[in-house]
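Q: Each position in the sequence shown, counted from 1, maps to that position plus 14 in our numbering. Quick one: structure below, then a few questions.
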Amino acid sequence: MTLSSREKILAGAVVLAFFIVLNLVLFKAFAGKQATLREQLAMRRRDLASMQLLASERDLWAKRGEWLAQKQPKLSMSENSADVQLDQQISDIAKQHGVTLENKSFASPSRTPSYRSVAVNLETKCSWPSLIEFLHDVQGPEQFTVFENAEISIDTSDASQMRGRFRIARWYAPD
């Protein structure tokens with residue numbers, strides 16, 4: 015069967031349109047794959063740079079690990095006794111700076127591969143300078159006391175007072 019010239023032109027146009035659509039689909043797929051590969055390459059370069067930095071600072075991290083092993087306290091008492099001891103320490107510091115403690119409660123102890131934690135939840139009411147001094151003294155050097163959660167706001171009944179809601183924890187060396 016022979017095709018007329020108009021049929022040949024129409025068949026050529028259909029083949030050309032199919033070829034163009036096929037190329038667009040393939041181009042879009044290849045462009046998407048290229049973008050994904052570029053993102054992966056950039057991520058791996060960042061990871062490599064991070065590993066190189068850590069490797070170059072190996073001695074520093076080894077010294078920090080040794081310091082941590084020497085200085086981080088071991089939990090030599092029960093977790094309940096540690097809770098009470100932490101509460102007493104926080105109460106003493108609060109009293110020293112004129113901070114009123116409210117709604118104190120003990121949080122459940124937690125264990126991670128890096129540390130064991132005992133925590134106290136509490137609310138505070140005091141002036142801004144007193145709160146700053148309290149926050150500073152609670153997390154003094156080598157105490158391994160951290161604020162795991164902190165919310166600070168101005169007291170709605172007295173704008174000269176600050177309200178704080180904290181979860182204060184002491185981190186002990188893991189078992």
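Cβ atoms here follow ideal geometry from the backbone N, Cα and C, with glycine treated the same way. Bear in mind that the values here come from a model prediction, so they are computed numbers and not experimental data.
In chain order, what residues of the same chain lie with their CB nearer than 7 Å to the CB of serine 174, ignoring the 5 residues before and after it?
A: Counting only Cβ-Cβ distances below 7 Å, and skipping sequence neighbours, we find Ser141.
Q: In or out: arginine 130 buried (at least 16 other Cβ within 10 Å) or exposed?
A: Arginine 130 comes out buried.
Q: Can you tell which of Lys139, Arg60 and Ser119 has the C-alpha that lies nearest to the C-alpha of alanine 108?
A: The shortest C-alpha separation from alanine 108 is found at Lys139.
Q: Note down, in chain order, each residue of its chain lying with its Cβ closer than 8 Å to the Cβ of glutamine 86, except the 5 sequence neighbours on either side.
A: If we look at glutamine 86 and ignore the five residues flanking it on each side, its Cβ neighbours are Tyr129, Phe158, Trp185, Tyr186 and Ala187.
Q: Enumerated in chain order, which unbroken segments of the beta strand (DSSP E) with a length of 3 residues or greater are wholly contained in the segment 145 to 184?
A: Runs found: 159 to 168.
Q: Assuming contact is defined by CB atoms lying nearer than 7 Å, are serine 167 and arginine 177 in contact in what I supplied?
A: Yes, Cβ-Cβ distance for serine 167 and arginine 177 is below 7 Å.
Q: Quick one, which of Phe41, Ser95 and Arg179 has its alpha-carbon nearest alanine 164's?
A: The candidate whose alpha carbon is nearest that of alanine 164 is Arg179.
Q: Assuming valine 134 and aspartate 97 make a contact with CB atoms under 8 Å, what is their CB distance in whole Å?
A: Yes, valine 134 and aspartate 97 are in contact; Cβ-Cβ is about 7 Å, under 8 Å.
Q: According to DSSP, simplified to helix, strand and coil, what is leucine 30?
A: The answer is helix: DSSP assigns leucine 30 an H, G or I state.
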